[in-house]
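Protein chains in written order, with this note's numbering: chain A, 1 to 135; chain B, 1001 to 1392. For reference, the structure is listed below as structure tokens.
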Ligand code: SF4
Ligand code: SF4
């Protein structure tokens, strides 16, 4: 068993296919849709958490790629310029999932990419404009 | 028992001074009592690093040939104040770029200057017999200008209120992004490390006091704007709302962007993160007790920023210990909290100042003149229109 967060980008012809249902049924993968963005006739994007057998997740990702879906590791989609960060904490005010938080006696900012849902609120909240989110 | 500033300076000179950070002093006073702490410790260093809008820098640009009396000046497209002598300007931290908007402002110009970057200057003048030139475009940097000093009319606010939002939509404020329906609380004070909270009645800090300012030596020039000592205080004397403040000045060319950062608050505007550290001499038991204050004894109030009024309703009181824990209980629910000022860098400032003093690189001063310990704030009433005229 393992879990993985991926960002799926659907080309228009795939947007309408029951991809999620297939993942659940054929590959026995629990799919938790954390964010979704579909514009009519345009490419759709989805942040999903896949939970299931490691091999089956791999097979499912292979299937997705075959039907034309782009699969990206979600943790790569948030970038924080840590060397310029002053640990002010302003970004933590809007990070509802708690991916950004202050730690220890030093009150240092830490980003836990596994908790991030790529909502992008922190991009606006950082007074030093150090965060970039791609979704 | 008492101790004087000159005795402390004597100890600094001999390398015998005992100096600790304000958070370390809290532990010492808790464990050994104020009397023992006074015996042991000579100086307590404080620090704060937060967005301070009332900040800016004076520059003298040097004169061009033929000379110009600049009346309008832009640095990297940010308008600055030029209503002084011919080539003197003041960069206000909150001015915003005419091209980039809020994403780049006076605070960023000041940071770029400190970092030694080249800054584009554009100036116009109306032309006079003594200053015939009407415009100039060029580049300046730290090396090309004459004097450059930070002059911040209001820094190191003694305590600050927290913000929350009871409305249905997110609010974009100088207190950061406030989520709807009391979704968060933001606060902006270094608490137990904060300079003026360690000397609540300004017994040791006053006009002329030498301080740490953005990585260099600076000085207290005056009481800060909105200095308002007559506020509600705890039994021990610590203000529970914004109280005293300081006007600070120092050599911009010697500062470091580690302790000075241009910033923008989304849909609010530009500002400057300013790093301030003040050494507090432990003159007697009372000063030991003051500097021993901890986050659990320091309180502040929470206000609903969706009330667009001068005086907002106070929703409750919280301690800095509660705020720093990450959530507070208020209005029957648990609300997440977030700071805007950096505790980490505040601590680093207190630590840096501590090492300067311990190494004999920084000496304490006695105030030339004390700060007012009483005083309240006046307000500005909008005038009324009466027969085409504005009356008060
Ligand atoms: S993108 Fe959203 S979830 Fe991710 S760190 Fe930023 S605020 Fe948190
Ligand atoms: S808001 Fe920006 S500078 Fe402040 S802690 Fe977060 S990432 Fe760092």
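All C-beta atoms in this analysis are idealised placements derived from N, C-alpha and C, irrespective of residue type, glycine included.
Cβ-based neighbour list, residue 1346 of chain B, same chain, cut-off 7 Å, excluding 5 preceding and 5 following: 1047, 1048, 1049, 1190, 1193
Residues bridged to residue 77 of chain A (per DSSP): According to DSSP, residue 77 of chain A bridges with nothing at all.
Inter-residue spacing [alpha-carbon to alpha-carbon] between residue 150 of chain A and residue 50 of chain A: A question about residue 150 of chain A goes unanswered here, because the residues of chain A that appear run from 1 up to 135.
is_contact[residue 21 of chain A, chain B] using C-beta, thresh 8 Å: False, the Cβ-Cβ gap to chain B never drops below 8 Å.
Three CB pairs or more closer than 8 Å across the stretch 1055–1065 of chain B and the stretch 1079–1092 of chain B: These segments touch.
Alpha helix (DSSP H) segment containing residue 1007 of chain B, residue limits: 1005–1013
Helix, strand or coil at residue 1070 of chain B [DSSP, three-state]: coil
Residues from the stretch 1161–1193 of chain B in contact with chain A, defined by Cβ distance under 7 Å: 1176, 1177, 1179, 1184, 1186
Residue 1043 of chain B and residue 1282 of chain B closer than 8 Å at C-beta: yes
N-terminal and C-terminal residue of the alpha helix (DSSP H) that residue 1025 of chain B is part of: Its alpha helix (DSSP H) spans residues 1022–1040.
Spatial neighbours of residue 1029 of chain B in its chain, beta-carbon cut-off 8 Å, leaving aside the 5 residues before and after: 1037, 1288, 1289, 1291, 1292
Residue 1139 of chain B, buried or exposed, once every other Cβ within 10 Å from all chains shown has been counted against 16: exposed
Residue 1382 of chain B to residue 1309 of chain B span [Cα, whole Å]: Distance between the alpha carbons of residue 1382 of chain B and residue 1309 of chain B: 13 Å.
Rounded straight-line distance, which links the Cα of residue 123 of chain A to that of residue 1069 of chain B: 42 Å
The stretch 1237–1248 of chain B in contact with the stretch 1142–1155 of chain B per 3-pair CB rule at 8 Å: With a cut-off of 8 Å, the stretch 1142–1155 of chain B and the stretch 1237–1248 of chain B count as touching, because enough Cβ pairs lie within range.
Range covered by the alpha helix (DSSP H) that runs through residue 2 of chain A: Per DSSP, residue 2 of chain A belongs to no alpha helix (DSSP H); it is in the beta strand (DSSP E), 2–10.
is_contact[residue 117 of chain A, chain B] using C-beta, thresh 8 Å: no
Whole-Å CB distance - residue 1182 of chain B paired with residue 1327 of chain B, under 8 Å assumed: At roughly 12 Å, the Cβ-Cβ gap does not stay under 8 Å, so residue 1182 of chain B and residue 1327 of chain B are not in contact.
Beta-bridge partners of residue 1218 of chain B, as assigned by DSSP: B:1211, B:1250
Buried or exposed (CB count within 10 angstroms, at least 16 for buried), residue 112 of chain A: exposed
Own chain, CB closer than 6 Å to residue 133 of chain A, minus 5 neighbours either side, in chain order: Here the set comprises 78, 118, 120, 123.
Any non-hydrogen atom of ligand 2 within 7 Å of residue 89 of chain A CB: The closest heavy atom of ligand 2 lies less than 7 Å from the beta carbon of residue 89 of chain A.
Terminal residues of the alpha helix (DSSP H) in which residue 1324 of chain B lies: 1320–1324
Straight-line Cα distance separating residue 1005 of chain B from residue 1080 of chain B: 40 Å
Proximity test, Cβ basis, 8 Å: residue 1340 of chain B and chain A: Judged by the 8 Å Cβ criterion, residue 1340 of chain B is in contact with chain A.
Pick from B:1298, B:1368, B:1284 that is closest to residue 1003 of chain B, judged by C-alpha positions: Shortest Cα-Cα distance from residue 1003 of chain B to any of B:1298, B:1368, B:1284 involves B:1284.
Residues within the stretch 1035–1053 of chain B neighbouring chain A, beta-carbon criterion of under 9 Å: 1049, 1050, 1051
Coarse secondary structure for residue 1206 of chain B, derived from DSSP in three states: strand
Closer than 6 Å to ligand 1: residues, by C-beta to nearest heavy atom, in chain order: A:78, A:94, A:95, A:97, A:99, A:100, A:116, A:117, A:118, A:119, A:120, A:121, A:122, A:133
Bounding residues of the beta strand (DSSP E) (the contiguous stretch that carries residue 1333 of chain B): 1333–1339
Per-residue contacts from residue 1261 of chain B into chain A (C-beta, under 7 Å): Listed along chain A are 86, 128, each with a C-beta nearer than 7 Å to that of residue 1261 of chain B.
Start-end ranges of the beta strand (DSSP E) lying completely within the stretch 13–39 of chain A, minimum 3 residues: Here the runs fully enclosed are 30–38.
Residues in the stretch 1270–1286 of chain B having any Cβ partner in chain A nearer than 8 Å: 1271, 1273
Minimum Cβ-Cβ distance from residue 1152 of chain B to chain A less than 8 Å: Judged by the 8 Å Cβ criterion, residue 1152 of chain B is not in contact with chain A.
Residue 80 of chain A: CB within 7 Å of a non-hydrogen atom of ligand 2: yes
Within chain B, the residues that residue 124 of chain A reaches when beta carbons sit closer than 7 Å: 1177, 1266, listed in chain order.
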